[in-house]
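Have a look at the structure below, then the notes.
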Amino acid sequence: MLRTGILHPELGAWLARLGHHDRLLISDAGYPMVPGAARIDLGFAPGRPGLLEVVEAVVAVLPLERVWVAAELPEQQPGFFRHLEALLPAGVPVERLADHETFKATAAGVPLMVRTGEFTPFANCLLECGVGF
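Under the working numbering, the first residue of the sequence shown is numbered -5, with each subsequent residue one higher.
This is how it looks when you write it as structure tokens:
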């Protein structure tokens, strides 16, 4: 049993398996399932856990190379987007994709999807793994 870090056994195991350039989708509660992706459903109530909580826990243990969001997130939810950016390690670029449909096309084929209880529209992010050194 762990006392710190990612306590969810399936999520922890998946994060340990991801390698350099692998991608991980962390989504809001309404995001459509990605065909072929393993799905970890963390959402248990509206807003719980929130996407920002999950991102914060994941980036504490997973090296990142870059992040993608749909353009609608910073345009329609600027405060939420600023908070997301603040959680990311310094130097990790955030690419704003043209729109939500482009985001979904970019996220297609991810090996892992983590669905949160987030109810903020367009609150989804695609993380690309970096290396730990």
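Glycine is no exception: its CB is placed at the ideal position from the N, C-alpha and C atoms. Note that this is a predicted model, so its numbers are computed, not measured.
If we count the other Cβ atoms within 10 Å of its Cβ and call it buried at 16 or more, is residue 89 buried or exposed?
-> For this step, residue 89 is matched to residue 95 along the sequence shown. Residue 89 is exposed by the Cβ-count criterion.
Neighbour-count burial assignment, residue 101, 16 or more Cβ in a 10 Å radius = Along the sequence shown, read from residue 1 onward, the residue named residue 101 stands at position 107. It counts as buried.
Of the choices 47, 20, 118 and 75, whose alpha-carbon is the least far from that of residue 34?
-> Numbered from 1 along the sequence shown, position 40 holds the residue referred to as residue 34. The shortest Cα separation from residue 34 among 47, 20, 118 and 75 belongs to 20.
Go ahead and label residue -5 buried or exposed: buried means 16 or more other beta carbons lie within 10 angstroms of its beta carbon, across all protein chains shown.
-> Locating residue -5 in the sequence shown gives position 1, counting from the first residue. Label assigned to residue -5: exposed.
Can at least three beta-carbon pairs, one atom from the stretch 30 to 44 and one from the stretch 61 to 75, be found at a separation below 8 Å?
-> With the cut-off at 8 Å, the stretch 30 to 44 and the stretch 61 to 75 do not touch.
Does the stretch 97 to 112 come within contact of the stretch 11 to 20, defined as at least 3 CB pairs closer than 8 Å?
-> The stretch 11 to 20 and the stretch 97 to 112 touch, with three or more beta-carbon pairs separated by less than 8 Å.
Between which two residues does the beta strand (DSSP E) harbouring residue 53 extend?
-> Within the sequence shown, residue 53 is the residue found at index 59, counting from 1. Residue 53: not part of any beta strand (DSSP E); member of the alpha helix (DSSP H) spanning 45 to 53, first to last residue.
Tell whether a beta-carbon distance below 8 Å holds between residue 45 and residue 86.
-> If you number the sequence shown from 1, residue 45 lands on position 51. If you number the sequence shown from 1, residue 86 lands on position 92. At a Cβ-Cβ threshold of 8 Å, residue 45 and residue 86 do not count as neighbours.
Can you tell me whether residue 1 is buried or exposed, with buried defined as 16 or more other CB within 10 angstroms of its CB?
-> Within the sequence shown, the letter at position 7 stands for residue 1. With fewer than 16 other Cβ atoms within 10 Å, it is exposed.
Run through DSSP, which three-state label would residue 146 get?
-> The first residue shown for the chain is -5 and the last is 127, placing residue 146 beyond what the model contains.
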